[in-house]
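J.: Below is the structure I would like to discuss, written out as structure tokens.
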Amino acid sequence: MDLDQQLRNLINEAPEYGVPSIIMEAGVIPVISAYAHQLDYSSYYLRQNLDNNLILTILGSEQDPEVEKKVIYAFPTIEDATDFPDTKINDYNLVAQEIPVSQILFQMFTMKEVDSVIFVEKPENYQQSKEIYCEKLQSAIQQSLTNFINSNSSHIV
Numbered sequence: 011m012d013l014d015q016q017l018r019n020l021i022n023e024a025p026e027y028g029v030p031s032i033i034m035e036a037g038v039i040p041v042i043s044a045y046a047h048q049l050d051y052s053s054y055y056l057r058q059n060l061d062n063n064l065i066l067t068i069l070g071s072e073q074d075p076e077v078e079k080k081v082i083y084a085f086p087t088i089e090d091a092t093d094f095p096d097t098k099i100n101d102y103n104l105v106a107q108e109i110p111v112s113q114i115l116f117q118m119f120t121m122k123e124v125d126s127v128i129f130v131e132k133p134e135n136y137q138q139s140k141e142i143y144c145e146k147l148q149s150a151i152q153q154s155l156t157n158f159i160n161s162n163s164s165h166i167v
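Sequential numbering of the sequence shown, starting at 11, is according to the working numbering.
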């Protein structure tokens, strides 16, 4: 499914998330679209356990071992997702689920335990990736919503 169709689906499904369609269309979609256009694929594979919980990877810093960040990897192919070298995970309990990029970005708006999503852009090359920080995406959506509401406050009831 192409990005435009994904975004239309998010707008149509907005009431299911408790969000008015106009708020989704004017306040959320422009930000999701801007971020999605920076990525190479229209969908990615996310690793999940058998309970459908996303696999969280904790990354540390060699310079400052006290600093950790929690990330989710998004892969361009199912093979990359299942072959990703992570010795702490039992492969029998791992599944890779294809998720539209717009859905990943929308879900990032509500992620509390995750610092970022790392989108691997080149199959079989985990070093070629783009990292999107949840906090930055959340701030951009909040700002977009604020701007929309402020510019339309007399029209919103």
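C-beta atoms are modelled at their ideal positions from N, C-alpha and C, and glycine is treated no differently.
For the alpha helix (DSSP H) containing isoleucine 21, list its first residue and its last residue.
T.: Element bounds for isoleucine 21: 13 to 23.
J.: What separation, rounded to the nearest whole angstrom, lies between the Cα atoms of arginine 18 and glutamate 72?
T.: Going by the C-alpha atoms only, they are around 43 Å apart.
J.: Distance, Cα to Cα, proline 133 vs aspartate 90?
T.: Approximately 6 Å, taken between the alpha carbons.
J.: Helix, strand or coil: which one does DSSP assign to glutamine 107?
T.: Here glutamine 107 sits in strand by DSSP.
J.: Do the segment 103 to 113 and the segment 51 to 70 meet, that is, are 3 or more Cβ pairs less than 8 Å apart?
T.: The segment 103 to 113, when compared against the segment 51 to 70, does touch it at the 8 Å Cβ threshold.
J.: Give every residue of the same chain whose Cβ lies closer than 6 Å to the Cβ of isoleucine 151, excluding the five residues on either side of it in the sequence, and list them in chain order.
T.: Hits under 6 Å: Val38, Val41 and Phe119.
J.: Which residue's Cα is closest to the Cα of aspartate 14: Glu35, Lys80, Val29 and Asp61?
T.: For the residues Glu35, Lys80, Val29 and Asp61, the minimum Cα distance to aspartate 14 belongs to Glu35.
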